[in-house]
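Undergrad:
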Amino acid sequence: MANRIEFAVSATAVKSTSFGLDYLSGSDFADTADTTHSLDYIEPNIGKTLGGSGSISGIAATVVGYGNPTDGVANYLTTSSQAATLPTTAVQDMIFIKNPGLKSDDTEFTGTITVKMQLTSGGADQGEFCTLGKGMAIILPTVPTGKTFTFTASGSDEVKVEYATIT
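Numbered per the numbering used here, the sequence shown spans residues 13 to 179.
Pasting the structure below:
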């Protein structure tokens with residue numbers, strides 16, 4: 013088992029614009045069929061890619077959500093009546109949550125999964141803190157004990173939630 017977790021996040025805010033070219037004269041005058049162009053650029057108020065990384069060491073590397081019964085294969089949570097829960101009974105060094113885009117019958121799911129968290133064991137959900145589209149994932153480092161995560165699928169499908177807890 014591993015004795016540390018290495019992680020990184022990165023996000024770039026991108027702005028898109030379109031502009032037109034007007035060829036009024038010159039050699040390109042006849043080439044007016046493609047006069048609208050698109051351009052993507054880094055959002056100027058931020059001006060860079062945002063990111064960070066970390067390492068959590070000194071862990072026992074008890075993993076739930078992967079490795080049983082076959083190493084490297086996800087043990088998905090499946091929503092029932094559009095909801096599934098993941099309780100934590102101890103401090104988690106890392107929690108990984110992903111919308112793999114799969115229904116319970118392994119067909120494609122293009123909807124979203126809403127993630128809520130209870131602040132105390134047995135408490136009420138404190139509201140949605142993120143929504144994951146197909147293929148989107150989050151990691152939460154050093155999650156305190158007694159949190160319960162609730163996953164709700166959009167629509168009426170029963171869907172899979174990929175997860176891993178590491179302590």
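Note that CB positions come from ideal geometry on N, CA and C, so glycine has one too.
Compare the C-alpha of threonine 179 against each of Ala149, Thr122, Ser22 and Ala102 and name the closest.
TA: Per the Cα distances, Ala102.
Undergrad: In angstroms with no decimal places, state the Cα-to-Cα distance between threonine 90 and threonine 48.
TA: When rounded, the distance between both Cα atoms is 46 Å.
Undergrad: Where isoleucine 58 and threonine 29 are concerned, what is the direct C-alpha to C-alpha distance, given to the nearest angstrom?
TA: Spanning the two alpha carbons is a distance of roughly 17 Å.
Undergrad: If we call anything under 8 Å between Cβ atoms a contact, is phenylalanine 163 one with alanine 86?
TA: No, the pair does not count as a contact, with Cβ atoms beyond the cut-off.
Undergrad: With DSSP as the reference, label methionine 129 as helix, strand or coil.
TA: Residue state, collapsed to three classes: strand.
Undergrad: Three-state secondary structure (DSSP) at glutamate 120?
TA: Reduced to three states, the DSSP call for glutamate 120 is strand.
Undergrad: Excluding the 5 residues preceding and the 5 following proline 99 in the sequence, name in chain order all residues of the same chain whose CB lies nearer than 6 Å to its CB.
TA: Correct list, in chain order: Thr160.
Undergrad: With 16 as the cutoff for other CB atoms within 10 Å, does glycine 113 come out buried or exposed?
TA: With 16 or more other Cβ atoms within 10 Å, it is buried.
Undergrad: Our contact map puts threonine 143 next to threonine 124 with C-beta atoms below 8 Å; I'd like the distance itself, whole angstroms only.
TA: Confirmed, about 5 Å.
Undergrad: What does the alpha-carbon distance come out to for the pair arginine 16 and serine 67?
TA: If you take the alpha carbons of arginine 16 and serine 67, they lie about 7 Å apart.
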